[in-house]
Each structure stands twice: as structure tokens, then as C-alpha cells.
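Structure first, then comments.
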Amino acid sequence: MMPVQSTGLKMRVASLHIYPIKSARGVNLSRARLENRGLEGDRRWLAVDSAGAGVTQRSHPGLATIAVRSSPAGLRLSAPGAADIEVATPDGASRADILIWDDPVSAALADEAAHRWISDVLGDRLRLVFMDGDARREKTGVWVSAPTPTSFADSYPVLVTTTGSLKALNDEITGKGGAPVGMERFRPNIVIDCDDAWREDCWRRLQIGPAEIVLVKPCDRCVVTTKNQSTGESMGKEPLASLARLRRSADPRINGVLFGWNGAPLKLGEIAVGDSVEVLETRPEGFPLALR
1475 MMPVQSTGLK MRVASLHIYP IKSARGVNLS RARLENRGLE GDRRWLAVDS
1525 AGAGVTQRSH PGLATIAVRS SPAGLRLSAP GAADIEVATP DGASRADILI
1575 WDDPVSAALA DEAAHRWISD VLGDRLRLVF MDGDARREKT GVWVSAPTPT
1625 SFADSYPVLV TTTGSLKALN DEITGKGGAP VGMERFRPNI VIDCDDAWRE
1675 DCWRRLQIGP AEIVLVKPCD RCVVTTKNQS TGESMGKEPL ASLARLRRSA
1725 DPRINGVLFG WNGAPLKLGE IAVGDSVEVL ETRPEGFPLA LR
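Start counting the sequence shown at 1475; every next residue gets the next number (our numbering).
Here it is, written out as C-alpha cells:
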């Protein structure tokens, strides 16, 4: 491990967010427990198609219309034109072998009423599955030296963004005559209040309250960032068009535009909005970006 270095920045957690059902609406929290798979309750549920493949707003933008609240039994779901439904956390007796990107997972099946509800809302034959304690998914490859447990997230367990980087991006968008975008378009878990744009490229290890997170890789962004996160409606080319000018990866391991960083827990614990954020270790070389 590189020597511990501190940037001296005074930063705090600006907001915390989880997405109980992958690609459905987010839930804003004042505090959350960091677990091995990410923030407690984040992306533990997934809608899958008839072939068992996970679906997202890329193919089913109506997921953005599904609001999720916790309930004593599990989740309470609501969507325009549909009656609310209570979905109990499954006991795991009934399972399905599903695929989230290239990763096979044995997931617990929700009940038939939940399958019918989400199928009716999204207009497709779907099932709802849950990542229980018996489900296993680990990220491996060039970015980590050891397998890293994760949820149904696209990549690693935690997504970190900063307020300063969003401001810089919106300055670029509005400078070209566009409308600014909100942080919800990027579906982060932890938003850090930091005035310095893109400073996160030089962070390697963070302490947030009692927890520690290693920033593994920058997050390459997709068409979901162009969708209204309440309706699923496509809103045009932003922010991808501006990110293509500002933040295109020059690292051959990532082909795309970047915003935020994927992280993995090193030390677990409860974190809260307002907690101090300290950079324990830096990445002085930053991350390579293509020249404009």
C-alpha cells in the first residue's frame, strides 16, 4: 500500500442515496450502514426478464416511475396507474438462477403477486428477485487484487460523486446553451461536498465517519444519465455530450465518458449526512483523460 497522504481538504457528506430495486427510483437517507455489498438495502432487488437477465432503465425506462419505500415485511411499491403493493422479503426457499451483466447469481424469488405487479407496470413478462444472504456475487478482474462482494450494482458496491464536479459539468452544459442536470441523473450512493472539480480523480482511500472506502475505478456513464429519474423520459443528449468533451477515458480498460468513482468498503460502519470526509491516501497520477 502507498504511504498515507492527506489533502487537507475540509469535506463532508452532502447526501446519501440507495436504490432498493436496481434502476427504480432512489431513496434519500440521512444515515446508512456501510456493508460489504455497499450501503444497506442498496440494489438488493432486481427485475429480470423471461430469460433470467436483469433489466434496467436502458431497456425498461418505466423503472424510473416505480417508487420504493421500506415496510415492516420488505418493500412497498407504487407507480402511476397501479395500486400500491407490499412485497415481502422472500425466505429464499424459491430461487432462480439469474444473470446480472456477465455474473450468474442464485437469487431468491419474490411472490407471484410481485411478479404480476412489476410485469403490468413495465409491460413485459418479468420477475422480481432478491439478493439474500445465500446469493453470491463478486467482482474480479484488472481493478482489484481480490474478489470484491457486490450487490446488483453495475460495478462495485459504492458510487461516490462530488458537488464540485457536478457544478463544473453544469457550467459546461449551460455554457453551450443547455439546461443543468441534477445529481439524481448519476444515481450516486455518497455525494461529497467538495468545491474542487474532479478532485476525486486523485483520491484513493477515504474515511467517512467510522467507515473507509477505496475508490477502485471511475464510473463510465451510459444513456440512463439522459433520462428523467421520475418519469423515465429521455431528456436529450446531456450530460453525455458535455462529458464527451470534458471526461472521455484515455485508459483502454474503460471505453466511455466518466463521472464519479466506483468504490469498495474497507471498514464498515454507519455513516450520516454531515459526516466529515478525509482523504487517507491519494492517487497523485490522477486518471488519464483524452485530450479535447
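Even glycine gets a Cβ: it sits at the ideal position worked out from N, Cα and C. Note that the coordinates shown come from a computational prediction; the quantities given were computed from them, not determined experimentally.
Check	Outcome
State the DSSP-derived secondary structure class of residue 1504, mapped to helix, strand or coil.	coil
Under a three-way DSSP split, which group does residue 1635 fall into?	strand
Output the boundary residues of the alpha helix (DSSP H) element that contains residue 1586.	1586-1596
Quick one: give me the first and last residue of the alpha helix (DSSP H) that residue 1714 is part of.	1714-1720
Could you give the residue range of the beta strand (DSSP E) that holds residue 1668?	First-last for residue 1668: undefined, no H or E at that position.
Does DSSP put residue 1604 in a helix, a strand or coil?	strand
Rounded to the nearest angstrom, what separates residue 1527 and residue 1627 at their Cα positions?	14 Å
In terms of alpha-carbon separation, which member of 1653, 1553, 1675 lies closest to residue 1711?	1653
Just tell me which of 1513, 1503, 1594, 1501 has its CA closest to the CA of residue 1736.	1513
Can you tell me where the beta strand (DSSP E) holding residue 1733 begins and where it ends?	1732-1741
Using the DSSP secondary-structure output, state which residues sit across from residue 1485 in a beta bridge.	1751
Buried or exposed: which applies to residue 1643, given that a residue is buried once 16 or more other Cβ atoms fall within 10 Å of its Cβ?	buried
Touch check for the region 1550-1565 and the region 1621-1640: three-plus C-beta pairs under 8 Å?	no
Since residue 1678 and residue 1756 are thought to touch, with beta carbons under 8 Å apart, how far apart are those beta carbons, to the nearest angstrom?	6 Å
For a test of the three-state rule: what should DSSP assign to residue 1758, helix, strand or coil?	coil
Which of the three DSSP states, helix, strand or coil, is assigned to residue 1765?	coil
Going along the chain, which residues of its own chain have a beta-carbon closer than 6 Å to the beta-carbon of residue 1536, five neighbours each way excluded?	1596, 1706
Once DSSP output is grouped into helix, strand and coil, what is the label at residue 1700?	helix
According to DSSP, which residues form a beta bridge with residue 1691?	1736
Measuring CB to CB, does residue 1530 end up less than 8 Å from residue 1496?	yes
Nearest CA to the CA of residue 1718: which residue from 1699, 1739, 1766, 1688?	1766
The beta strand (DSSP E) that contains residue 1548, what's its start and end?	1548-1553
To the nearest angstrom, how far is it from the Cα of residue 1699 to the Cα of residue 1683?	29 Å
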